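Protein chains in written order, with my numbering: chain H, 513 to 717; chain Z, 122 to 339. Positions of the beta carbon are idealized from the N, C-alpha and C atoms, including for glycine. All figures in this text were calculated on a predicted structure; none of them were measured in a lab.
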């Protein structure tokens with residue numbers, strides 16, 4: 513359902529905040545601070561809604577005979593235990609810290625470690641399936657920058673010619689990165705303008 | 122004793138996650154489901170404790186002039202909670218519109234003043250008299266050329282020609298081809314960076330496993 517009230521709110525609020533950035537008047541700045549404060553609260557509530565929705569999905573999976581998933585029990589137990597402990601003691605309490613250092617950190621770090629294997633396998637598969645000059649260049653660039661990043665050229669024995677070549681090599685990704693960054697900024701600008709003009713309404717049902 | 126127990130938990134979880142290298146298995150799934158549950162619970166506690174209570178509940182309970190003003194975010198928050206119900210979820214579109222409107226304005230400001238202007242200024246810096254040098258000029262030209270060709274690669278506007286579909290002009294096509302080279306080199310460099318970072322983390326985990334075996338073994 514496309515609500516005209518919702519569209520008016522999005523356009524009105526967005527234009528006020530944008531104007532406050534373009535014209536630094538004290539009145540507009542204080543309205544912007546107020547709106548940003550409300551937006552932070554709403555973003556937190558939206559995050560809470562997302563988490564509660566995730567909880568309800570896993571709760572349903574335990575109860576439903578058709579799509580029963582016993583692993584969801586581990587989610588539910590982990591969630592309830594941490595949420596209650598976090599709310600009773602406060603999330604910054606010293607007694608909560610082991611949950612971060614002994615559960616979150618090891619799992620996150622191990623998942624990142626697993627990425628190494630996944631990345632290498634997918635790079636090899638990419639080259640095996642799509643043997644084009646562009647995938648070859650991508651792979652060559654990866655190998656060159658892996659060698660550069662490993663630091664084997666950072667010794668005193670490295671010849672000045674190689675050092676000069678490395679300096680030039682390091683410029684090339686900078687140019688591409690700036691182009692990609694500008695492309696992302698232009699895309700974001702366009703998306704924001706489309707929302708403020710009411711052409712895109714991601715908040716509608 | 123407690124430290125040893127937490128170390129044992131970290132050790133078991135590390136092994137369970139790394140066991141995915143040999144294929145999907147129940148140990149990996151238990152570790153991941155537990156991890157997501159704990160992360161979600163912790164994130165929920167942070168949201169309530171660090172944002173909702175100090176920014177919404179406390180001002181509402183305090184006897185100040187801003188109480189009336191705080192009724193608006195309270196009302197919008199209650200409407201947002203209606204998203205949890207399938208029948209009442211349409212009520213959530215009003216707070217979402219507010220959030221999207223503010224977000225769009227912040228994104229436009231960030232893209233304009235945070236990225237576009239600063240990057241364009243940085244692209245011109247090597248050519249300013251204060252910083253100009255032969256090597257600086259060369260670097261600046263390569264950077265500018267690479268940036269322009271990369272941007273041209275993402276330009277898909279062309280002329281529709283019978284039997285050929287949409288065709289770009291020859292010079293745009295050539296610039297786009299050069300831009301593709303810069304993009305491939307850039308993504309290769311990023312990929313190498315990510316592999317190196319994840320490899321460092323993997324070595325750290327393997328080192329942790331070896332240390333834990335040494336510590337936990339009788």
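For residue i: DSSP bridge partner residues
| i | result |
| --- | --- |
| residue 281/Z | 287/Z |
Under the three-state DSSP convention, the category residue i falls into
| i | result |
| --- | --- |
| residue 259/Z | helix |
| residue 276/Z | coil |
| residue 709/H | coil |
| residue 642/H | coil |
| residue 716/H | coil |
| residue 618/H | helix |
| residue 247/Z | helix |
| residue 612/H | helix |
| residue 149/Z | helix |
Spatial distance of residue i from residue j (CA atoms)
| i | j | result |
| --- | --- | --- |
| residue 579/H | residue 697/H | 43 Å |
| residue 574/H | residue 180/Z | 39 Å |
| residue 335/Z | residue 314/Z | 32 Å |
| residue 268/Z | residue 703/H | 22 Å |
| residue 563/H | residue 155/Z | 15 Å |
| residue 197/Z | residue 554/H | 7 Å |
| residue 215/Z | residue 677/H | 57 Å |
| residue 576/H | residue 638/H | 40 Å |
| residue 582/H | residue 146/Z | 14 Å |
| residue 132/Z | residue 645/H | 44 Å |
| residue 294/Z | residue 277/Z | 10 Å |
| residue 327/Z | residue 610/H | 20 Å |
| residue 681/H | residue 536/H | 43 Å |
| residue 607/H | residue 162/Z | 15 Å |
| residue 317/Z | residue 152/Z | 25 Å |
Among the options, nearest to residue i - alpha-carbon criterion
| i | options | result |
| --- | --- | --- |
| residue 531/H | 261/Z, 251/Z, 293/Z and 226/Z | 226/Z |
| residue 559/H | 222/Z, 217/Z and 127/Z | 217/Z |
| residue 568/H | 207/Z, 183/Z and 191/Z | 207/Z |
| residue 173/Z | 298/Z, 199/Z, 259/Z and 290/Z | 199/Z |
| residue 679/H | 260/Z, 228/Z, 284/Z and 298/Z | 260/Z |
| residue 587/H | 157/Z, 163/Z and 205/Z | 157/Z |
| residue 546/H | 133/Z, 233/Z, 176/Z and 307/Z | 176/Z |
| residue 689/H | 324/Z, 202/Z, 295/Z and 302/Z | 302/Z |
| residue 321/Z | 661/H, 585/H and 551/H | 661/H |
| residue 692/H | 223/Z, 281/Z, 241/Z and 291/Z | 241/Z |
| residue 246/Z | 231/Z, 233/Z, 234/Z and 264/Z | 264/Z |
| residue 228/Z | 617/H, 548/H, 538/H and 519/H | 548/H |
Same chain only: Cβ atoms within 8 Å of residue i, ignoring 5 sequence neighbours per side
| i | result |
| --- | --- |
| residue 664/H | none |
Contact set for residue i: own chain, Cβ-Cβ below 7 Å, skip 5 residues either direction
| i | result |
| --- | --- |
| residue 149/Z | 137, 138, 140 and 141 |
| residue 541/H | 532 |
| residue 635/H | 651 and 654 |
Cβ-heavy atom distance, residue i to the ligand COA, below 7 Å
| i | result |
| --- | --- |
| residue 230/Z | What this structure holds is no ligand at all, so the ligand COA is not there to describe. |
CB contact check: residue i to chain C, cutoff 8 Å
| i | result |
| --- | --- |
| residue 152/Z | Looking at the structure shown, chain C is missing, and the protein chains on hand are H and Z. |
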